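Trainee: For the record, the sequence lines run as chains Y and U. Following our numbering, the numbering of the first sequence begins with 9 at its first residue and continues without gaps. Following our numbering, the numbering of the second sequence begins with 4 at its first residue and continues without gaps.
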Amino acid sequence: GAVVSQHPSWVICKSGTSVKIECRSLDFQATTMFWYRQFPKQSLMLMATSNEGSKATYEQGVEKDKFLINHASLTLSTLTVTSAHPEDSSFYICSARGWGARIYGYTFGSGTRLTVV
Amino acid sequence: LAKTTQPISMDSYEGQEVNITCSHNNIATNDYITWYQQFPSQGPRFIIQGYKTKVTNEVASLFIPADRKSSTLSLPRVSLSDTAVYYCLVGEFNTNAGKSTFGDGTTLTVKP
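1. Check for me: the beta strand (DSSP E) holding Tyr-114 of chain Y runs from which residue to which?
2. Using a 10 Å radius around the Cβ and a threshold of 16 neighbouring Cβ atoms, would you call Arg-71 of chain U buried or exposed?
3. Asn-59 of chain Y bridges to which residues according to DSSP?
4. Under 9 Å between C-beta atoms, does Ser-64 of chain U make it to chain Y?
5. For the beta strand (DSSP E) that Ala-87 of chain U lies in, which residues bound it at each end?
6. Does the CB of Asn-99 of chain U have a neighbour CB from chain Y at under 9 Å?
7. Cβ of Thr-32 of chain U less than 9 Å from any chain Y Cβ?
8. Just to confirm, is the Cβ distance from Arg-48 of chain U to Tyr-35 of chain U under 9 Å?
9. So with CB distances below 8 Å, who are the chain U contacts of Arg-121 of chain Y?
10. Measure the alpha-carbon distance for Thr-109 of chain U versus Gln-41 of chain U and round it to whole angstroms.
11. Examine chain Y for any beta-carbon lying closer than 9 Å to the beta-carbon of Arg-48 of chain U, and answer yes or no.
12. How close, in whole Å, do the beta carbons of Met-55 of chain Y and Phe-36 of chain Y come, if the pair is a contact with beta carbons under 8 Å?
13. Once you ignore the five residues that flank Phe-105 of chain U on each side, which residues in its own chain have a CB closer than 7 Å to its CB?
14. Report the residue from U:Gln-45, U:Asn-60, U:Ser-44 whose alpha carbon sits nearest the alpha carbon of Ile-51 of chain U.
15. So is Phe-116 of chain Y in contact with chain U if we call contact Cβ pairs under 9 Å?
16. Would you please state the rounded distance, in angstroms, between the beta carbons of Ser-118 of chain Y and Gln-45 of chain U? I believe it to be under 8 Å.
17. To the nearest angstrom, how far is it from the Cα of Pro-94 of chain Y to the Cα of Ala-69 of chain U?
18. Residues in the same chain with beta-carbon distance under 8 Å from Ser-23 of chain Y, minus the five sequence neighbours each way, listed in chain order, please.
19. What are the residues of the segment 92–104 of chain Y that lie near chain U, defined by any Cβ-Cβ distance shorter than 9 Å?
20. Relative to the C-alpha of Leu-78 of chain U, which candidate in U:Lys-6, U:Pro-10, U:Met-13, U:Ile-23 has its C-alpha closest?
21. Between the Cα of Gly-61 of chain Y and the Cα atoms of Y:Phe-42, Y:Leu-52, Y:Leu-82, Y:Lys-49, which residue gives the shortest distance?
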């Protein structure tokens with residue numbers, strides 16, 4: 009149990025376009041989902057926390073209008089990078105916590121490599 | 004949220020036991036300690052979790068002293084495939100108020 013699926017695993021987009029990343033909990037209900045970004049050889053940086061049915065809470069310094077997070081159901085959260093620029097190129101990872109998960113903590117997705125050209 | 008401190012890097016050889024210690028001096032009463040492993044371009048993978056004393060599973064052991072201000076992840080007989088970054092997370096996972104903030108992690112390099 010406790011599987012989180014993240015798609016796509018990699019994406020290349022043109023500067024100025026928007027990209028949507030999906031995070032799904034496959035075998036449990038994710039009451040809370042987290043979004044991280046990770047630059048090469050650095051740790052994961054928490055971007056935002058989303059609870060099902062409510063607005064996401066963003067960490068300081070993260071632009072909520074640029075990184076749109078939707079957590080409309082107990083199994084799906086999406087992160088949309090709007091008007092992407094090369095500096096948004098990074099590795100984005102989601103994690104989920106909720107009912108039915110086997111572990112008492114967080115389950116992570118496999119990550120999405122975003123490259124903006 | 005408890006801040007964690009780990010060694011930046013460690014080297015080991017195949018077949019050896021590796022112990023990685025994490026300091027979390029301001030751990031709260033309801034906080035659990037969880038260790039994750041991350042390979043390049045992959046999401047972190049759960050290794051082990053504990054609250055106090057010792058926890059053991061099929062891949063690792065976790066030692067937590069009585070004051071809970073530190074924890075040690077023990078990997079028995081490491082292999083080359085254990086080369087990865089290891090993170091310890093401390094947090095109150097069972098409420099919506101809890102969130103996970105990663106420290107810098109420990110890069111373990113296993114040599115032949």
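Even glycine gets a Cβ: it sits at the ideal position worked out from N, Cα and C. Keep in mind the model is a prediction, meaning the values are calculated, not measured.
Mentor: By the coordinates alone:
1. Careful: Tyr-114 of chain Y lies outside any beta strand (DSSP E) and carries neither H nor E.
2. Buried is the call here.
3. Beta-bridge partners of Asn-59 of chain Y (DSSP): Y:Thr-40.
4. No, Ser-64 of chain U does not count as interfacial toward chain Y.
5. Per DSSP, Ala-87 of chain U belongs to the beta strand (DSSP E) from 87–94.
6. Model confidence at Asn-99 of chain U stands at a pLDDT of 47, short of 50, so the residue's coordinates are unreliable and nothing is read from them.
7. No, Thr-32 of chain U does not count as interfacial toward chain Y.
8. Note that the C-beta distance between Arg-48 of chain U and Tyr-35 of chain U is not below 9 Å.
9. Residues of chain U with a Cβ closer than 8 Å to the Cβ of Arg-121 of chain Y are, in chain order, Ser-44.
10. So the alpha carbons of these two residues sit roughly 10 Å apart.
11. Taking 9 Å as the threshold, the shortest C-beta distance from Arg-48 of chain U to chain Y falls below it.
12. The beta-carbon separation of Met-55 of chain Y and Phe-36 of chain Y, rounded to 22 Å, does not stay under the 8 Å limit for a contact.
13. Excluding sequence positions up to five before and after Phe-105 of chain U, its CB lies within less than 7 Å of the CB of Tyr-90, Leu-92, all in the same chain and listed in chain order.
14. Here the closest residue by C-alpha is U:Asn-60.
15. Judged by the 9 Å Cβ criterion, Phe-116 of chain Y is in contact with chain U.
16. With 8 Å as the limit, Ser-118 of chain Y and Gln-45 of chain U qualify as a contact, their Cβ atoms being about 6 Å apart.
17. Computed Cα separation, rounded: 48 Å.
18. Around Ser-23 of chain Y: Ala-92, His-93, Pro-94, Val-124, Val-125.
19. Sequence-ordered contacts of the segment 92–104 of chain Y with chain U read Phe-99, Ile-101, Cys-102, Ser-103 [C-beta pairs closer than 9 Å].
20. When only C-alpha atoms are compared, the closest one is U:Ile-23.
21. With distances taken between Cα atoms, Gly-61 of chain Y lies closest to Y:Leu-82.
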